[in-house]
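This report refers to the structure that appears directly beneath it.
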Amino acid sequence: MTEVLRYAAFTTDQGGGNPAGVILDARGLSDAEMLAIAQDVGYSETAFLVAGEPTNGEVAADIRYFSPVAEVAFCGHATVATAVAWAERHGPGFLRLSTPAGPVSVDTRLENGHLVATLTSPPAQTRPVDPDVLDEALNALRWSRDDLDPAYPAHVAFAGNDHLIVAVRDRATLAALDYDYAALDALMAQERWTTAHLFWAEDATTFHARDPFPPGGVVEDPATGAAAAAFGGYLRDLALVPLPSRATIHQGHDMGRPSELLVDLDEDVETVAVSGRAAPIDESGADT
Numbered sequence: 170m171t172e173v174l175r176y177a178a179f180t181t182d183q184g185g186g187n188p189a190g191v192i193l194d195a196r197g198l199s200d201a202e203m204l205a206i207a208q209d210v211g212y213s214e215t216a217f218l219v220a221g222e223p224t225n226g227e228v229a230a231d232i233r234y235f236s237p238v239a240e241v242a243f244c245g246h247a248t249v250a251t252a253v254a255w256a257e258r259h260g261p262g263f264l265r266l267s268t269p270a271g272p273v274s275v276d277t278r279l280e281n282g283h284l285v286a287t288l289t290s291p292p293a294q295t296r297p298v299d300p301d302v303l304d305e306a307l308n309a310l311r312w313s314r315d316d317l318d319p320a321y322p323a324h325v326a327f328a329g330n331d332h333l334i335v336a337v338r339d340r341a342t343l344a345a346l347d348y349d350y351a352a353l354d355a356l357m358a359q360e361r362w363t364t365a366h367l368f369w370a371e372d373a374t375t376f377h378a379r380d381p382f383p384p385g386g387v388v389e390d391p392a393t394g395a396a397a398a399a400f401g402g403y404l405r406d407l408a409l410v411p412l413p414s415r416a417t418i419h420q421g422h423d424m425g426r427p428s429e430l431l432v433d434l435d436e437d438v439e440t441v442a443v444s445g446r447a448a449p450i451d452e453s454g455a456d457t
């Protein structure tokens with residue numbers, strides 16, 4: 170029997186954050202079995218870990234991520250959930266993960282009585298989105314170019330997965346998001362985007378975000394660590410924040426699952442650090 174744990178990532182409250190399934194011992198599971206478990210769990214992603222023996226305080230592990238419909242190369246919130254779940258059972262420390270998107274490290278530590286996990290993403294990069302593709306995306310989002318914040322150019326950013334990055338002028342526009350699911354799903358499949366990271370800048374380092382996630386069969390993700398990492402690389406590479414800097418992303422508030430993601434950026438570093446907490450949804454786990 171496979172023990173399935175359930176955690177809400179980027180929150181200390183199981184009613185907030187982004188739920189993830191966590192399997193701390195996925196040895197022997199086939200691709201079909203992992204997909205079936207992810208479908209049964211029903212969250213946007215479930216993480217499957219195969220860990221080695223600790224060496225000098227570090228654990229090397231393979232990790233894979235499945236949405237209910239397909240494997241995903243990298244998932245930030247499920248990584249944070251997995252690291253916290255591992256630390257609760259084995260103590261804080263350092264996980265050196267091998268993901269389909271490349272190496273990812275996660276450090277866990279205690280802060281004010283809560284475990285905090287900091288993941289270091291694959292190298293981040295960003296590029297302008299094709300204007301015609303942007304128009305298609307805006308049509309699917311039921312927005313116009315007048316809704317966009319010219320201080321933040323529309324891009325496709327990468328830190329393990331590609332994410333469309335679009336900023337709006339007004340918080341109310343973000344709050345009222347009601348997009349065409351089928352149209353955005355088709356466009357994202359065509360462009361191979363994992364989420365659309367839609368945001369409003371409260372100030373230079375504080376952002377409110379919403380992340381449609383049709384490729385995962387989910388209307389919206391309440392906390393997206395992979396998108397936060399990609400967004401951090403976008404902010405850094407376009408010199409949109411001072412460096413070094415910590416950006417705070419508030420996500421999930423408009424769907425009733427408030428989340429907080431902390432993104433640390435430094436000069437001359439290709440990777441991005443994303444930190445958050447996680448709360449167990451079902452501490453006893455379930456068997457599949």
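Position in the sequence shown counted from 1, then plus 169, gives you the numbering used here.
Quick reminder that beta carbons are idealized off the backbone N, C-alpha and C, glycines included.
Just so it is clear, the structure is predicted and the values come from calculations on it, not from any experiment.
For the pair residue 439 and residue 197, the Cα-to-Cα distance works out to about 34 Å. The region 225-232 makes no contact with the region 198-207: fewer than 3 CB pairs, one atom from each, lie closer than 8 Å.
In this structure, DSSP gives residue 340 a helical state, which the three-state scheme calls helix. Contact check for residue 207 and residue 250: beta-carbon distance about 14 Å, past the 8 Å limit, so the pair fails to qualify. Going by DSSP, residue 403 is part of the alpha helix (DSSP H) stretching over 394-406. Taking the Cα positions, residue 386 is about 7 Å away from residue 213.
Following the DSSP letters along the chain, one finds residue 183 in no beta strand (DSSP E), marked with neither H nor E. The three-state secondary structure of residue 379, taken from DSSP, is strand. Beta-bridge annotation (DSSP): residue 234 is paired with 216 and 241.
According to the DSSP assignment, residue 286 belongs to the beta strand (DSSP E) that extends over 283-289.
If the five residues before and after residue 352 are omitted, its C-beta is found closer than 6 Å to the C-beta atoms of 309, all from its own chain and listed in chain order. In the assembly as shown, residue 402 is a buried residue. Its beta-carbon has 16 or more other beta-carbons within 10 Å.
Collapsing the DSSP output to three states places residue 258 in a helix. Where residue 210 is concerned, the enclosing alpha helix (DSSP H) starts and stops at 200-210.
Residue 328 and residue 383 have their C-alpha atoms some 19 Å from each other. Rounded to whole angstroms, the separation of the alpha carbons of residue 266 and residue 381 is 27 Å. Restricting attention to 171, 244, 230 and 178, the CA atom closest to the CA of residue 209 is found in 171. By the Cβ criterion, the region 410-419 is not in contact with the region 256-263, since fewer than three pairs of Cβ atoms, one from each stretch, lie closer than 8 Å. Judged by DSSP in its simplified three-state form, residue 221 adopts coil rather than helix or strand. Looking from the CA of residue 237, the closest CA among 449, 216, 296 and 271 belongs to 216.
Out of 436, 435 and 431, the CA that lies nearest to the CA of residue 180 is found in 431.
Using a C-beta cut-off of 8 Å, the region 270-278 makes no contact with the region 305-319, since fewer than three inter-stretch Cβ pairs fall below that distance. Here the region 312-331 makes contact with the region 284-297; the two share three or more CB pairs at distances below 8 Å.
In this structure, residue 254 sits away from residue 173, with a CB-CB distance that is not shorter than 8 Å.
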